[in-house]
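Reminder that position 153 of the sequence shown reads as 153 in UniProt numbering, one-by-one numbering, no gaps. Beneath this line is the structure, given in structure tokens, with notes to follow.
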Amino acid sequence: MFQFRKIFRTSNRRVFQENTGTAPSIVAHIFIQLLNHHVTIKQILITLHFLKQYTQQVNACSLFGVRIDVYNECIRDVMFKIVTIIGPLEFGWEKRLNQVPPTTPLFQNCWTVIDATECNIERPQDYRVQELYYSGKKKRHTMKYHVVCNITNGRIIDVHGPFFGRNHDIAIARSWIEDNQIQRGEGEIILGDSAYVGLGNCLTPIKSRRFNPLDQADMDFNNVIGSARIVVEQSINRIKKYKCFTERWRNDRSLHPLAFYTASIISAIEIRTSFPIANTLNNILYL
Numbered sequence: 001m002f003q004f005r006k007i008f009r010t011s012n013r014r015v016f017q018e019n020t021g022t023a024p025s026i027v028a029h030i031f032i033q034l035l036n037h038h039v040t041i042k043q044i045l046i047t048l049h050f051l052k053q054y055t056q057q058v059n060a061c062s063l064f065g066v067r068i069d070v071y072n073e074c075i076r077d078v079m080f081k082i083v084t085i086i087g088p089l090e091f092g093w094e095k096r097l098n099q100v101p102p103t104t105p106l107f108q109n110c111w112t113v114i115d116a117t118e119c120n121i122e123r124p125q126d127y128r129v130q131e132l133y134y135s136g137k138k139k140r141h142t143m144k145y146h147v148v149c150n151i152t153n154g155r156i157i158d159v160h161g162p163f164f165g166r167n168h169d170i171a172i173a174r175s176w177i178e179d180n181q182i183q184r185g186e187g188e189i190i191l192g193d194s195a196y197v198g199l200g201n202c203l204t205p206i207k208s209r210r211f212n213p214l215d216q217a218d219m220d221f222n223n224v225i226g227s228a229r230i231v232v233e234q235s236i237n238r239i240k241k242y243k244c245f246t247e248r249w250r251n252d253r254s255l256h257p258l259a260f261y262t263a264s265i266i267s268a269i270e271i272r273t274s275f276p277i278a279n280t281l282n283n284i285l286y287l
């Protein structure tokens, strides 16, 4: 009846992922988790299509055969339920202990890797708010998020934000530790990049100075740190595969945190689980 039936009922996994950003089995997993909360497969597909394609509302409403007000309400409602219902099951500081840390002496007491990421937004109309969101690094208005990953498999265990674009990464990390009352074990350290120099119990690369260049041992140390930090970069890239984060955010700013947390939860499920390639969604896709 509608165009979306032809797109989302296809057995071509690549076509499905181009429109939703994830595998059919992941969508089925989300549907099962929200089965008792009055969420349909169609509503989940509308939300994922919004995140992945980030097309104009008129085109999306024409594709799914819904009104604009129903479309907007559906997106906000589904993302809120994913964050509040599935989020606590996927996120948690204690989940960093589910994997054995590397046996390398350098990372013997290191369980987590942290990093911050920025997303472009429209310039606020109020000039006083513009100064808060303006990022001197990106030279545009942004919103920042703090991402925490497991060092062994890159599983996202926590996301903190949003923050104004002008905030520094180390200030965001300190806010994350204080707001969540993070309790680290004895001798436990966190791995971060050079932006976190000065954060307590944080392993960071060695920075060169003008008259004190790095020697070979320092460069080898930085290479090891960079190789271990690649997991958090890959996890952030999983989140930013959705078009709404690579383009400038055009919707209400209050909706952006819900979208980012939803994408983070989906990415955490993808990393944590290994679903079969078979299109299991077709078994329950009755709209």
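Glycine residues also receive a C-beta, built at the ideal position from the N, C-alpha and C atoms.
Quick one: what does DSSP say residue i is sitting in, helix, strand or coil?
i	result
VAL100	Any reading at VAL100 must be qualified, since the residue scores a pLDDT of 49, below 50, and its modelled position is unreliable; the value itself is stated next. It is coil, neither helix nor strand.
residue 322	There is simply no residue 322 to check, as the chain begins at 1 and stops at 287 in what is shown.
LEU255	helix
ASN19	helix
SER267	helix
PHE211	coil
GLU178	helix
VAL197	coil
GLU73	helix
LEU203	strand
ALA173	helix
LYS139	coil
LYS241	coil
ASP127	What sits at residue 127 in the sequence shown is Tyr, not Asp. Residue state, collapsed to three classes: helix.
VAL66	coil
ILE151	coil
TYR134	strand
GLU118	strand
ARG13	helix
THR273	coil
VAL159	strand
LEU35	helix
THR112	strand
HIS146	strand
LEU287	In this predicted model, LEU287 has a pLDDT of only 35, less than 50, meaning its place in the structure is not dependable enough to derive any value.
Taking its Cβ as the centre, do 16 or more other Cβ atoms sit within 10 Å of residue i, making it buried, or is it exposed?
i	result
PHE211	exposed
LYS81	buried
ILE230	exposed
GLY192	buried
GLY65	exposed
PHE16	buried
LEU35	exposed
ARG155	buried
SER227	exposed
GLU178	exposed
TYR127	exposed
THR273	exposed
ASP252	exposed
VAL197	exposed
ALA23	buried
GLN216	exposed
Residue i and residue j look like a contact to me (Cβ under 8 Å); what is the Cβ gap, rounded to whole Å?
i	j	result
VAL113	CYS149	5 Å
SER19	HIS49	Residue identity check: residue 19 is Asn in the sequence provided, not Ser. Indeed, because the Cβ distance is near 6 Å, the residues count as touching under 8 Å.
PHE164	LEU199	About 19 Å; that fails the 8 Å criterion.
LEU63	THR262	Actually they are not in contact, since the Cβ atoms of LEU63 and THR262 sit about 20 Å apart, beyond 8 Å.
SER25	VAL147	Contact doesn't hold; Cβ gap of about 24 Å is too wide.
SER135	GLU118	6 Å
ILE151	TRP111	6 Å
ILE271	ASN153	6 Å
So, at 7 Å on beta carbons, what are the nonlocal neighbours of residue i in its own chain, with the 5 sequence-adjacent residues on each side left out?
i	result
ILE44	VAL27, ILE30, PHE31, VAL78
TYR54	LYS243, CYS244, GLU247
LEU214	ILE206, SER208
GLN130	ARG123, PRO124, HIS141
GLY21	LEU48, LEU51, LYS52, LYS241, TYR242
Can you list, in chain order, the residues of its chain whose CB lies under 8 Å from that of residue i, leaving out five sequence neighbours each side?
i	result
ILE68	GLN57, VAL58, CYS61
ASN120	LYS138, ARG140, HIS141, THR142, GLU247, ARG248, TRP249
PRO162	MET143, LYS144, TYR145, HIS256, PRO257, PHE260
ASN222	PRO205, ILE206, LEU214
SER194	THR204, PRO205, LYS207
CYS233	A quick correction: the sequence has Glu, not Cys, at residue 233. Answer for GLU233: ASP115, listed in chain order.
HIS37	LYS81, ILE85
ARG166	GLU131, LEU132, TYR133, TYR134, SER135, GLY136
ARG76	LEU255, LEU258
For residue i, collect the residues of the same chain with a Cβ closer than 6 Å to its Cβ; drop the 5 residues on either side in sequence, then sort them by chain order.
i	result
ASN201	ILE189
LEU203	ILE189, LEU191
GLN108	none
GLN33	ILE86
VAL100	At VAL100, the pLDDT of 49 sits below 50, so the modelled position is not reliable; the number obtained from the coordinates is stated separately. Excluding positions up to five away in sequence, the list is empty.
For this session: Please determine if the segment 237-247 and the segment 256-276 are in contact, where contact requires at least 3 C-beta pairs separated by less than 8 Å.
Result: yes
Exercise. Are three or more beta carbon pairs between the segment 79-90 and the segment 134-146 nearer than 8 Å?
Worked result: no
Exercise. Are the segment 166-175 and the segment 246-258 in contact at 8 Å, needing three or more beta carbon pairs?
Worked result: no
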